[in-house]
Amino acid sequence: MAVMAGHSFRPNYVVPPGETIADLLDEHEMTQTELAKRLGVTLKHVNQVVNGGASISADLALGLEKVFRVPAHFWLNRESLYQADLARRNEMKQLESHIDWAKEFPIKDLKRGGFLSKDATGVELVQELLRFLGVATPALWESRAAAYRRSQHYKSVQPSLDAWLRVGELRAAAIECKPYDGEHFLEALRAARARTHEHPQVWQPLITSALADAGVAFVIVDTFQGARAHGASRWLSPHKALIQLSLRYHWEDVFWFSFFHEAAHVLLHRKKGIFVDGLELTKSPTLEDDRRLEDEANRFAARFLIPAEHETRLRSLRPSEIAAFADELSITPAIVVGRLQHEGLIPFSESKKWKRQLHFVED
53 MAVMAGHSFR PNYVVPPGET IADLLDEHEM TQTELAKRLG VTLKHVNQVV
103 NGGASISADL ALGLEKVFRV PAHFWLNRES LYQADLARRN EMKQLESHID
153 WAKEFPIKDL KRGGFLSKDA TGVELVQELL RFLGVATPAL WESRAAAYRR
203 SQHYKSVQPS LDAWLRVGEL RAAAIECKPY DGEHFLEALR AARARTHEHP
253 QVWQPLITSA LADAGVAFVI VDTFQGARAH GASRWLSPHK ALIQLSLRYH
303 WEDVFWFSFF HEAAHVLLHR KKGIFVDGLE LTKSPTLEDD RRLEDEANRF
353 AARFLIPAEH ETRLRSLRPS EIAAFADELS ITPAIVVGRL QHEGLIPFSE
403 SKKWKRQLHF VED
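With positions in the sequence shown counted from 1, the corresponding number in my numbering is that position plus 52.
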């Protein structure tokens with residue numbers, strides 16, 4: 053017997069309902085010819101039903117109910133189960149050719165996250181992967197994925213990035229959000245900026261709740277091997293956006309810059325497609341426009357964290373003044389250090405003194 057992981061028992065054989073009709077014919081010492089006469093159908097049709105070559109219709113089920121005193125719903129249920137089993141067996145044969153396709157995805161990461169059964173292999177792995185992706189066939193997924201890949205223009209191991217983005221969608225679906233409100237979203241971003249110095253266990257639930265009230269789902273999903281993304285943003289519906297961040301590198305300055313970078317895409321570039329932070333843009337007909345949007349998001353994040361009026365003073369800071377400057381701006385010193393390093397004003401060897409690695413409880 054074959055048992056599918058995470059599902060109820062299913063025998064690995066299919067019994068057509070016609071076999072039960074054959075048993076009843078024997079029990080009643082009745083021929084197929086006699087049954088055909090009683091049902092008002094041809095002998096050929098009865099023979100096809102008995103041998104599984106024709107299905108039991110609602111009218112035939114009502115006739116069998118009268119002839120054998122077996123309820124019509126019994127015959128219809130048997131026929132439905134039989135057809136479902138036939139379809140499942142045919143599907144398994146077809147999915148055998150897609151085992152290699154499934155292996156292109158980050159299977160170990162998905163199993164570790166509980167999205168796939170730990171012991172799933174072969175065709176069962178393909179079936180579980182399709183359930184995770186929310187589509188009936190690999191071809192349908194490739195068609196769906198291609199549509200949003202055209203809006204990405206980023207270099208990555210695509211199945212890994214697809215899987216990482218899909219996990220974000222699933223987790224965002226569990227977050228109840230109010231309809232998107234740009235003003236409330238901006239207020240939530242200001243509140244988030246003021247919490248950058250706090251421990252993640254303090255600010256994570258507060259920021260998640262505040263963004264949800266503004267119509268934006270916020271999820272943290274550990275990166276998958278090959279995905280290489282810091283973060284992503286997109287619109288899940290006309291009234292709900294998603295900001296998804298990874299735990300890549302864990303450094304708090306990278307995390308917060310990515311957070312406000314993705315927030316900028318939601319705030320400034322509504323319905324422009326999917327944005328993924330941390331990946332190199334690929335050559336495409338829209339490359340210049342892609343760069344412009346990314347530059348806008350970078351400028352927003354940089355100036356939201358450290359307003360333009362403080363940039364002159366920032367560039368003249370001595371190391372001993374970093375903490376006081378950060379405290380004055382109500383941000384973590386790591387953001388100041390990260391900005392100074394990005395502009396080449398202090399060496400990266402200064403990182404350990406000022407930067408923390410963040411660790412989260414994933415959603």
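Every residue gets a Cβ at the ideal spot worked out from N, C-alpha and C, and that includes glycine.
For residue j and residue i, the rounded distance between their alpha carbons
i           : j           : result
residue 234 : residue 318 : 9 Å
residue 394 : residue 352 : 16 Å
residue 238 : residue 345 : 19 Å
residue 293 : residue 119 : 60 Å
residue 367 : residue 299 : 29 Å
residue 386 : residue 370 : 15 Å
residue 62  : residue 134 : Below a pLDDT of 50, predicted positions are generally treated as unreliable, and residue 62, at 48, falls in that range; no measurement from the model is reported.
residue 227 : residue 269 : 6 Å
residue 417 : residue 184 : Residue 417 cannot be examined here, being either before or after the span of the chain that is shown, 53 to 415.
residue 288 : residue 225 : 9 Å
residue 180 : residue 232 : 33 Å
residue 261 : residue 327 : 23 Å
residue 312 : residue 349 : 8 Å
residue 144 : residue 138 : 10 Å
residue 194 : residue 216 : 15 Å
residue 266 : residue 136 : 44 Å
residue 149 : residue 155 : 12 Å
residue 398 : residue 392 : 6 Å
residue 307 : residue 376 : 22 Å
With 16 other Cβ atoms within 10 Å as the buried cut-off, status of residue i
i           : result
residue 89  : exposed
residue 73  : buried
residue 296 : buried
residue 356 : buried
residue 339 : exposed
residue 405 : exposed
residue 54  : Note that residue 54 scores a pLDDT of 33, beneath 50, so its modelled location is shaky; the value from the coordinates is reported in the next line. With fewer than 16 other Cβ atoms within 10 Å, it is exposed.
residue 132 : exposed
residue 80  : exposed
residue 250 : exposed
residue 212 : buried
residue 364 : exposed
residue 166 : exposed
residue 400 : exposed
residue 361 : exposed
residue 275 : buried
residue 285 : buried
residue 378 : buried
is_contact[residue i, chain D] using C-beta, thresh 8 Å
i           : result
residue 276 : Judged by its chain identifiers, the structure shown contains no chain D, having just a single protein chain.
Inter-residue CB distance, residue i and residue j (contact presumed, cutoff 8 Å)
i           : j           : result
residue 151 : residue 175 : 7 Å
residue 310 : residue 283 : 4 Å
residue 115 : residue 68  : Contact flag wrong, Cβ pair sits at about 18 Å.
residue 182 : residue 191 : In fact, because the Cβ distance is near 11 Å, the residues do not count as touching under 8 Å.
residue 178 : residue 222 : That pair is no contact at about 19 Å.
residue 419 : residue 95  : The first residue shown for the chain is 53 and the last is 415, placing residue 419 beyond what the model contains.
residue 402 : residue 389 : 6 Å
residue 128 : residue 110 : 7 Å
residue 315 : residue 258 : That pair is no contact at about 16 Å.
residue 264 : residue 229 : 5 Å
residue 220 : residue 273 : 5 Å
(request) Inspect the CB distances between the region 243-252 and the region 376-386 and report whether three or more fall short of 8 Å. (result) Flag = yes, the region 243-252 and the region 376-386 touch.
(request) At 4 residues or longer, and completely inside the region 68-114: list those alpha helix (DSSP H) runs for me, N to C. (result) With a minimum length of 4 residues, the continuous alpha helix (DSSP H) runs that stay inside the region 68-114 are 70-79, 84-91, 95-102.
(request) List in chain order: all unbroken alpha helix (DSSP H) runs of 4+ residues lying wholly within the region 123-157. (result) With a minimum length of 4 residues, the continuous alpha helix (DSSP H) runs that stay inside the region 123-157 are 124-147, 151-155.
(request) Identify every run of the alpha helix (DSSP H) within the region 332-387, keeping only runs that are complete inside it and at least 4 residues long; order them along the chain. (result) Within the region 332-387, the complete alpha helix (DSSP H) runs of at least 4 residues are 339-357, 363-367, 374-381.
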